[in-house]
Each structure stands twice: as structure tokens, then as C-alpha cells.
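The structure appears right after this line, and notes come after that.
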Amino acid sequence: MSLAGDSGCSCNRESPHRAGVALAASELAARVRLCYPAAAMRVDAFDFELPKQLIADRPAEPRDAARLLVVGSALEDRQMLDLPRLLRRGDLLVVNDTRVIPARLLGERGAARIEVTLHRDLGDGNWRAFAKGAKRLKPGDHLVFGADFAAEVTAKHSEGDIGLRFAVTGERFRAALARFGSMPLPPYIKRAGGGDARDRQDYQTIFAVHEGAIAAPTAGLHFTPRLLAALDAAGIERATVTLHVGAGTFLPVKAEDTRDHKMHSEWGFIAAETAERINAARARGGRIVPIGTTSLRLLESAAAADGRLRPFAGETSLFITPGYRFRAIDLLLTNFHLPRSTLFMLVAAFAGLERMKRAYAHAIAAQYRFFSYGDATLLYPER
Numbered sequence: 004m005s006l007a008g009d010s011g012c013s014c015n016r017e018s019p020h021r022a023g024v025a026l027a028a029s030e031l032a033a034r035v036r037l038c039y040p041a042a043a044m045r046v047d048a049f050d051f052e053l054p055k056q057l058i059a060d061r062p063a064e065p066r067d068a069a070r071l072l073v074v075g076s077a078l079e080d081r082q083m084l085d086l087p088r089l090l091r092r093g094d095l096l097v098v099n100d101t102r103v104i105p106a107r108l109l110g111e112r113g114a115a116r117i118e119v120t121l122h123r124d125l126g127d128g129n130w131r132a133f134a135k136g137a138k139r140l141k142p143g144d145h146l147v148f149g150a151d152f153a154a155e156v157t158a159k160h161s162e163g164d165i166g167l168r169f170a171v172t173g174e175r176f177r178a179a180l181a182r183f184g185s186m187p188l189p190p191y192i193k194r195a196g197g198g199d200a201r202d203r204q205d206y207q208t209i210f211a212v213h214e215g216a217i218a219a220p221t222a223g224l225h226f227t228p229r230l231l232a233a234l235d236a237a238g239i240e241r242a243t244v245t246l247h248v249g250a251g252t253f254l255p256v257k258a259e260d261t262r263d264h265k266m267h268s269e270w271g272f273i274a275a276e277t278a279e280r281i282n283a284a285r286a287r288g289g290r291i292v293p294i295g296t297t298s299l300r301l302l303e304s305a306a307a308a309d310g311r312l313r314p315f316a317g318e319t320s321l322f323i324t325p326g327y328r329f330r331a332i333d334l335l336l337t338n339f340h341l342p343r344s345t346l347f348m349l350v351a352a353f354a355g356l357e358r359m360k361r362a363y364a365h366a367i368a369a370q371y372r373f374f375s376y377g378d379a380t381l382l383y384p385e386r
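Residue numbers (the numbering used here): 4 to 386.
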């Protein structure tokens with residue numbers, strides 16, 4: 004079954020939980036110029052066939068029992084619990100502490116059923132959202148999601164999503180969303196009736212603190228207190244950043260050429276003390292290991308030409324394809340990704356397209372579990 008370049012980053016709003024570290028406009032402009040032109044590549048070069056039965060419907064139990072494919076000079080079949088032995092004392096993991104909100108809502112417009120997924124908080128009760136059957140909606144329509152929880156359609160955007168204005172804001176909005184919303188699972192995970200209670204736990208990482216994501220940074224799903232204790236005992240350090248994963252992670256690449264794909268933007272934050280810790284670890288000879296592509300994209304967005312990190316607060320739309328020169332990372336722990344996706348393009352840029360195709364072919368033959376609730380890979384860079 005076939006499932007369905009660099010760009011700049013901008014910085015235009017501060018963290019809701021930390022403030023004072025947004026990049027100056029002149030520095031931001033200089034950083035954008037550090038992005039290298041993406042090579043022309045056909046999107047179908049990143050396609051592969053995946054049997055449906057390998058798409059994981061639930062995470063491993065326990066989570067750290069997930070399998071781990073090491074992709075280095077050779078392929079090694081390991082387990083997540085082997086990670087402390089695969090790393091070195093002084094290496095530093097960078098985890099994403101975003102928390103997924105129950106952004107999927109089932110409601111009614113008159114007698115018609117409607118499903119929306121909130122994906123961008125504009126403030127003061129205003130959101131942008133994807134809606135099933137959006138073509139039938141028009142500005143002024145009233146959508147009811149539950150008792151005292153409704154929204155008005157304010158706009159229809161050229162990108163295919165809609166604008167919504169909710170009647171409640173702040174704590175009342177968050178309480179209503181927690182009551183009536185469900186987890187915004189990716190479309191390949193099928194749930195009846197808007198999801199189930201188990202996903203509210205399963206689709207959050209152990210690191211989740213700051214609300215704002217509508218997709219989980221799924222490489223973090225494999226970590227447990229047991230695994231973290233083993234990493235600590237092995238002298239593996241850990242730092243935390245925030246990238247609120249957006250709806251674009253679900254969107255297929257529809258262009259035929261990678262240069263024609265418009266990358267979604269996501270909001271990220273790296274504190275000054277975190278940037279300093281990461282820089283110090285690397286200066287001591289430690290390797291920087293982002294846990295997932297979200298942490299990777301944020302680190303690369305905040306890195307100067309020499310690889311040093313600066314504090315960061317703002318949007319990033321960094322699109323990484325083969326030809327990109329990585330500056331801030333040394334290894335990558337990530338899940339198995341969809342064919343023709345920006346995430347598979349990213350891992351191909353880091354570890355090599357042909358090597359990743361061989362690794363995925365091995366994983367399919369060995370019955371690894373794929374995608375958000377699936378197994379993991381530890382990738383070494385292509386040399």
C-alpha cells in the first residue's frame with residue numbers, strides 16, 4: 004500500500020509560559036540566510052510500499068518495550084531499553100515538552116453533523132481549524148459542540164481551513180475542550196465516535212507540560228521512568244525544548260517537486276539556559292541527540308552557522324530535504340514515517356535516502372510497527 008530544501012523561520016510572538024528571548028529582526032534575517040537552497044527532487048523518490056498491518060494502532064506495552072532499529076554502518080535490531088548502552092556518557096538528549104490538546108470536536112450545524120480539528124490559537128477565542136465538509140460551511144454558521152460550548156464560523160481560508168470564534172475563552176474554554184474534545188489522532192489510526200479515553204494517556208509523552216500541540220512528538224512516547232532512570236545512571240544528560248506540533252505533520256506532500264511544497268509553520272521555544280547547556284555539552288565532546296524530528300527542526304532553526312544555539316521564541320517553517328547541511332545535531336532518535344512525507348524526507352537528508360530505503364525495507368521484512376504508535380529508529384548521519 005502506498006500511503007500518502009530549507010525554508011526560513013520567523014519569530015513574531017513570545018512564549019505563553021516564558022518570555023524575553025525572541026530573536027531580533029536583524030539576527031533573524033541573518034539566520035534565514037543560513038538556510039541552504041533545497042536540491043530539486045521528485046517527491047515520488049520518497050515513496051515506498053507499506054503493508055497496512057504494520058501500522059500500529061496502540062503503543063507498545065510497556066512503552067519502553069518498543070523495538071529500536073539502529074541505522075549506522077550496519078543495521079542492528081535492538082530494543083528501546085538498549086538506548087543507554089548505545090549512547091555515551093556525556094551525550095545529551097533533547098526532548099520536546101509540548102502537550103497535545105483534545106483538539107478534535109464533534110458538533111452540529113442545525114441537523115448536520117460536523118467534525119473540526121482546531122490547529123491554531125489566534126487568541127481571544129479565535130481559532131483556525133480544519134473541518135470535514137468545510138465546503139458546505141460559510142461565515143456566520145453556528146456550530147454547537149456541547150452544552151454552552153459553541154462557535155461561529157468567521158472565515159474560509161484559501162488553505163482549506165476555516166476560522167472559528169468561540170463564545171467562551173480562558174479557563175472556561177479549556178474546561179469545555181477537555182470535556183467535549185478528543186485527541187487529534189492521525190488519520191491512519193481509526194477510532195469510532197471521536198476516540199477513546201485511553202488515547203488521552205497513550206498520545207502524551209512523559210515529558211508533556213506545555214499545552215499547544217495537535218499532534219504528539221511521537222519519538223517521546225517510548226520513554227518511561229524506568230528508561231529515564233537507566234539513562235541517568237549511564238550519564239546521559241537531558242534538555243527540554245518546546246515545539247507545538249501543528250496539523251501540517253498530517254498533511255501529505257501534494258507537489259511533484261520538493262521545491263514546490265509549502266512547509267507549515269510551528270511555534271517553538273528554546274530558553275537561554277537550555278541553549279547554553281546544549282552548547283556546553285557539545286563543547287565537552289558530548290553528542291546532541293534530538294528525540295524526534297520536532298526537536299531536530301527546532302534546534303536547526305536556532306543554530307548559527309558554527310552550530311552554536313541561541314535562545315529562540317517564534318515560528319519555524321524549516322523544510323529539510325537531502326542536500327541540507329546539519330549544524331546542531333549528531334544522532335537522531337525518531338519513529339518510522341509515512342512515505343512521501345516531509346518527515347521521511349528529513350530522515351533521508353540526515354541518514355541518506357538509499358540507506359533509509361534499505362532500513363525501511365529491513366523493518367518491513369522484520370515486522371516492525373510503523374508510525375505514531377510504532378517502533379523507533381536511532382539514526383547516524385550519512386558520511
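For each residue, glycine too, the CB sits at the ideal point set by N, CA and C.
The Cβ atoms of G326 and W270 do not sit closer than 9 Å to each other. The three-state secondary structure of A43, taken from DSSP, is coil. For L57, no beta strand (DSSP E) segment is defined, and its DSSP state is neither H nor E. According to the DSSP assignment, Q204 belongs to the alpha helix (DSSP H) that extends over 200-205. Note that the region 255-266 does not touch the region 301-309; fewer than 3 beta-carbon pairs, one per stretch, sit closer than 8 Å.
The DSSP-derived three-state label of L301 is helix. For F210, no alpha helix (DSSP H) segment is defined, and its DSSP state is neither H nor E. For the 9 Å CB-CB criterion, G238 and R92 form a contact. Between D100 and V248, the gap from beta carbon to beta carbon reaches 9 Å or more. Y376 is not a Cβ neighbour of R168, given a cutoff of 9 Å. Assignment of G166 by DSSP, reduced to helix, strand and coil, places it in the strand class. For A154, the pairing in a beta bridge is given by DSSP as L146, F169. Per the DSSP secondary-structure output, A306 pairs in a beta bridge with L312. Look at the region 61-123 and you find these whole runs of alpha helix (DSSP H), each 4 residues long or longer: 86-89. R107 counts as buried, since at least 16 other C-beta atoms from the protein chains shown sit within 10 angstroms of its C-beta. Its Cα nearest to that of P87, the residue R229 stands out among R229, A59, A137.
Cβ-Cβ distances below 7 Å link V98 to F210, G223, R241, T243, I294, S298 in the same chain, with the five nearest sequence neighbours on each side left out; the list follows chain order.
For A258, the secondary structure class from DSSP, reduced to helix, strand or coil, is coil.
By DSSP's assignment, R241 forms a beta bridge with L96. The beta carbon of R102 sits closer than 8 Å to the beta carbons of Q207, A211, V212, H213, E214, G215, A216 from its chain, once the five residues preceding and following it are set aside; these are given in chain order. Assignment of I217 by DSSP, reduced to helix, strand and coil, places it in the coil class. Nearest to G184 by C-alpha distance, out of L312, T324, A150, E79, is A150. Out of E385, K193, R280, L84, the CA that lies nearest to the CA of F329 is found in E385. Between R343 and P255, the C-beta gap is smaller than 9 Å, which places the two residues in contact. Below 8 Å, too few C-beta pairs join the region 337-354 and the region 274-290 to call them touching: fewer than three. At the C-beta level, A59 and F373 come within 9 Å of one another. The straight-line gap separating the alpha-carbon atoms of F339 and Y363 is approximately 8 Å.
DSSP places A368 outside any beta strand (DSSP E); the residue lies instead in the alpha helix (DSSP H), whose first and last residues are 356-368.
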